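Numbering (mature numbering (1 follows the signal peptide of the UniProt record, and there is no 0)), first residue to last: -24 to -1, 1 to 425. Heads up: the structure comes next, in structure tokens.
Here's what the structure looks like:
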């Protein structure tokens, strides 16, 4: 039986920074028809205006900029330094949960009023807004092209259109993926448990499956927590996903994703995959009570693990078999409604520079998208006692430099939701081949609405 557990108080249980999740966890990416009703727009406008008014401390001779964020970013503290150096600028911040943030932004843009001067957009939400280029400033026209060399190529590509002439947003943090694992479970199964040995042992997914069999035979535990996380790791190593850049639905012919699906279902049927649904209390408890051996996940999962297993001494980090992907991250946009785009861009140019990204990493754990940070001494020497003293920053930096950009498309979330549902259906006993066909049909019905 699929383990559906309540999502009550998720924000309190799992503290996510600006990177958030990959949106396959139930956030559907917006209204199907792309329109927001007037009552929702008015509510969003009122909420945004109220937050700005409550925080406003600008004097009459200052330019006031409103900045909408989600999660805890630490940016308000960084902005204090900017405002001291630029006394003519005052910045108001609104930081709320991710879903409300994106809904408020969407409705304010639809209404044509109430949008802020700057707004974060999570990577899985970008396609929700990309079709409304007239609602945002092209940041290239504000001078952003001069910043391109500061960022990883794939990160920059996510924020622009396929023709590379329109820049939707400037990158902040990212979520390069690795394999978190519980060393004590590896040891119980007679496997080497130090990170270097684990990486040498699990260079490809066949070796991962062999280790899963040994762990299952010795301990009765699954190798991985959920069909979702193992599939995500495989999916994000693919060259193409559900749609091509022309918008064609290519999943039925996509051999990479079919292989990822087949591998995941084989692992499920062998008992090597747990049935925990992400973000549930039981999934979080498994981090402390040893319910599963590995957790393929992004950099921001460090905080989630620590929050749920504060006294655990055996969590370690190793590279994923066959390379890294990206899960999460944010891009900052300047809505067209802003009356001060030059001032907003100047602040973002400062905020997202390598120097400030290092500080955001040190203060809040936001993983930098600027590779110059990876060469800084403070970053390279960063270790984490929780993970056995590993140089975690460098581990994630190596993963980030392996990532390659893949196109998602506006219907990505709908397709991925159906994929994850299909995998859980197989966990519940559905035939994998039949479920694949049924999933294709469900996706086609959703995108044809």
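Beta carbons are placed, not taken as given, at the ideal position from N, Cα and C, and that holds for glycine. Every value quoted in this text rests on a predicted model; they were computed, and no experiment measured them.
So what does DSSP say about residue i, is it helix, strand or coil?
i: residue 114; result: coil
i: residue 170; result: coil
i: residue 287; result: coil
i: residue 401; result: helix
i: residue 360; result: strand
i: residue 157; result: strand
i: residue 255; result: coil
i: residue 233; result: helix
i: residue 421; result: helix
i: residue 379; result: coil
i: residue 225; result: strand
i: residue 278; result: helix
i: residue 406; result: coil
i: residue 216; result: coil
i: residue 248; result: coil
i: residue 188; result: helix
i: residue 366; result: strand
i: residue 294; result: strand
Relative to the C-alpha of residue i, which residue among the options is closest?
i: residue 37; options: 255, 242, 62; result: 62
i: residue 407; options: 336, 284, 244; result: 244
i: residue 124; options: 357, 141, 164; result: 141
i: residue 322; options: 34, 39, 35; result: 39
i: residue 283; options: 297, 100, 264, 275; result: 264
i: residue 130; options: 347, 397, 389; result: 347
i: residue 58; options: 379, 327, 391; result: 327
i: residue 382; options: 250, 132, 261, 193; result: 132
i: residue 307; options: 200, 325, 239, 415; result: 325
i: residue 330; options: 204, 355, 101, 315; result: 355
i: residue 380; options: 45, 201, 214; result: 214
i: residue 84; options: 98, 100, 73, 105; result: 105
i: residue 252; options: 401, 52, 43, 69; result: 401
i: residue 385; options: 218, 372, 205; result: 218
i: residue 304; options: 319, 310, 149; result: 149
i: residue 333; options: 35, 43, 54; result: 54
i: residue 343; options: 274, 95, 207, 46; result: 274
i: residue 409; options: 269, 367, 375, 240; result: 240
i: residue 193; options: 242, 164, 208, 72; result: 164
i: residue 109; options: 82, 419, 250; result: 82
i: residue 248; options: 230, 267, 256, 390; result: 267
i: residue 423; options: 404, 403, 405, 393; result: 393
i: residue 413; options: 224, 367, 395; result: 395
i: residue 390; options: 419, 404, 403, 107; result: 419
i: residue 138; options: 76, 199, 71, 223; result: 223
i: residue 88; options: 288, 202, 314; result: 314
i: residue 70; options: 345, 52, 64; result: 52
i: residue 68; options: 74, 75, 45, 76; result: 45
Bridge partners for residue i per DSSP, in chain order?
i: residue 95; result: 44, 309
i: residue 149; result: 344
i: residue 271; result: 156
i: residue 302; result: 152
i: residue 71; result: 45
i: residue 143; result: 136
i: residue 131; result: None, per the DSSP bridge assignment.
i: residue 39; result: 65
i: residue 349; result: DSSP lists no partner for residue 349.
Suppose the cutoff is 6 Å on Cβ atoms and the five residues either side in sequence are ignored; what does the same chain contact list for residue i look like?
i: residue 159; result: 169, 290, 292
i: residue 339; result: 50
i: residue 212; result: 301
i: residue 259; result: 252
i: residue 220; result: 226
i: residue 349; result: 330, 333, 334, 355
i: residue 358; result: 369
i: residue 162; result: 169
Leaving out five residues on either side along the sequence, give the residues of the same chain with a beta carbon under 7 Å from the beta carbon of residue i.
i: residue 364; result: 292
i: residue 143; result: 114, 115, 116, 120, 135, 136
i: residue 297; result: 178, 179, 180, 181, 183, 184
i: residue 416; result: 227, 228
i: residue 316; result: 39, 41, 93
i: residue 236; result: 207, 210, 211, 214
i: residue 411; result: 398, 401, 402
i: residue 195; result: 161, 164, 165
Assuming residue i contacts residue j under a Cβ cut-off of 8 Å, what Cβ separation, rounded to an integer in Å, is found between them?
i: residue 294; j: residue 155; result: 5 Å
i: residue 167; j: residue 189; result: Contact doesn't hold; Cβ gap of about 11 Å is too wide.
i: residue 272; j: residue 205; result: 5 Å
i: residue 210; j: residue 269; result: Not quite, the Cβ-Cβ distance comes to about 17 Å (not below 8 Å), so this is no contact.
i: residue 34; j: residue 66; result: 4 Å
i: residue 421; j: residue 341; result: Contact doesn't hold; Cβ gap of about 40 Å is too wide.
i: residue 78; j: residue 101; result: 5 Å
Return no unless some Cβ of chain D is closer than 9 Å to the Cβ of residue i.
i: residue 359; result: This model lacks chain D altogether; it includes just one protein chain.
Near residue i, which residues of its chain fall below 8 Å by C-beta distance, leaving aside the five closest residues on each side in sequence?
i: residue 118; result: 310, 317, 318, 321
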